[in-house]
Every structure is written in C-alpha cells, then in structure tokens.
Amino acid sequence: MLLGWHYSDYYSNAYAVNQYLASRGFVVLSVNFRLGIGYGYEFHRPPHAGRDGAAEYFDVKAGAEYLRMLPQVDGTRIGIYGGSYGGYLTALALARDSDLFAAGVDVHGVHDWTTGRGYTDRDGYEQAPDVERALEVAWQASPVSSMATWHSPVLVIHGDDDRNVRFAQSTDLVRRLEEHGVPHETLVVPDDTHHFMRWANVVAVGRATAEFLGRMLGR
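Each residue of the sequence shown is one higher than the last, beginning at 127 in my numbering.
As structure tokens, this is what we get:
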C-alpha cells in the first residue's frame, strides 16, 4: 500500500517505485484517502481528520482489508509505505494495526502531533478554551500514542535538513521503538530536505524502500 501527501502529487512521485515493486510480484494499491482531491469539498475537508482525530486512517485500513480479501494477495504479508503525510499514516497503521500490516517504510512522517507549534505554547497571549482537549485528541491521533501495540518492523527514513517535518519527529520515534523492542531500521539522508533535492537520494530512498519491503515480506 502506498500513501503520500494528500493533494495527489505524491502518486506521480512514487510511480517508479510502485512499478518496480509490481515487477517484483507485489500487488500495489495507491490510496486516495479522505483529505485528497477529486471528490468534492466534504471529501477534501472531512471532520476529525489529521490531528483532530485521524478519521482518514479508516480509509487506509479499509484498503488493507480489501487487499486481504483478494485471492492473489497473501493477507499475512501486507506492507505499507509512504512519505510525509503518508509517513504519518504508515506509522499510525503499524502502531494501531500490526496484525494487519506486516511491515512498513515511514519516510519523514509526523509521529507526535502535540509537538507542533501553537499546541504547546501554553504561555501565549491567547489560548483556545479547549486547548487541553485539543492536545488529548492530537495525542490520540499520533502514532506514538499506540506504541504498546506496535510490533511490525519498520524502516524510518528522514533527511536531517528537513524544513517541513522536523527531523526530531523521527529521532523521537526511533527512541520509542527501541524502548518498546520494535524491530526497526533507519536511513538518515544527510544534508537534504523534505523533498530530497539530490536525485541520487531519491534513488537511494526508493531502493531502500523496495529492498526492505522485499526482505520483510519475502519477495
């Protein structure tokens, strides 16, 4: 399963990797989950999505359950990968449903919504009246809130000069994975940003993704 940033451009970004995975015998499903485009405003702006409840994750889980029903798919070997917002949903899938997702590759994802700017500035000039409730909802929507049920292996990839998603999101996740004994590997892309400006790094990330999924899922 492929997940990416939800304005559709990630599907073309990962097209080559998807084709390569398919050539190796994988069945690849690209999920246009809620928050995406092409199906109207309500689909694009659903309530309780993202840090407000992760409602879009149900689309991801439904996609995996659909794959599991297909006769040509081994339901015990469903993997998941994605970058940016897709990295967030990949981590959430592994944390919440390791019994469904056997392995995953999380590329520069958000793992703790409560560390975002604005939510933790309790001494600011103005405060939302429900800030404590918002923080609790954001925490429950974060992959790190479900570490106790995460046992599937994961490859965490992140550029250490990322200006969109803080590199600390991944270093904090890796620390938690270690504490909970979750099998994991890391790939740090030195001196590169969220969008991997060097083509050699794009190739390296795609190669690492395919190699890890092939090794973990037996392809």
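Idealized CB from N, CA, C, for every residue including glycine.
Note that the structure is a prediction, hence the values are computed from the model and not measured.
Burial state of residue i, where buried means 16 or more other Cβ atoms lie within 10 Å
i: residue 160; result: buried
i: residue 246; result: Annotation note: pLDDT 48 at residue 246 (below 50); position unreliable, no value reported.
i: residue 163; result: exposed
i: residue 174; result: exposed
i: residue 177; result: buried
i: residue 224; result: buried
Straight-line gap, residue i to residue j (C-alpha atoms, nearest Å)
i: residue 229; j: residue 291; result: 22 angstroms
i: residue 314; j: residue 197; result: 37 angstroms
i: residue 203; j: residue 227; result: 7 angstroms
i: residue 151; j: residue 199; result: 10 angstroms
i: residue 307; j: residue 171; result: 37 angstroms
i: residue 137; j: residue 209; result: 11 angstroms
i: residue 213; j: residue 265; result: 17 angstroms
i: residue 336; j: residue 283; result: 13 angstroms
Per DSSP, cross-strand counterpart(s) of residue i
i: residue 310; result: 280
i: residue 272; result: According to DSSP, which records beta bridges pairwise, residue 272 is partnered with nothing at all.
i: residue 285; result: 315
Rounded distance between the beta-carbons of residue j and residue i, thought under 8 angstroms
i: residue 268; j: residue 237; result: 6 angstroms
i: residue 211; j: residue 231; result: Actually they do not touch by this definition, with Cβ atoms about 14 angstroms apart.
Residue i beta carbon near the ligand GTP (any heavy atom closer than 7 angstroms)
i: residue 288; result: No copy of the ligand GTP occurs in the structure displayed, which carries no ligand at all.
CB contact check: residue i to chain C, cutoff 8 angstroms
i: residue 296; result: Protein chains in the displayed structure number just one, and chain C is not present.
Is there contact here, the region 299 to 306 with the region 316 to 324, by at least three beta-carbon pairs under 8 angstroms?
no
Is the region 191 to 201 in contact with the region 254 to 274, if contact means three or more CB pairs nearer than 8 angstroms?
no
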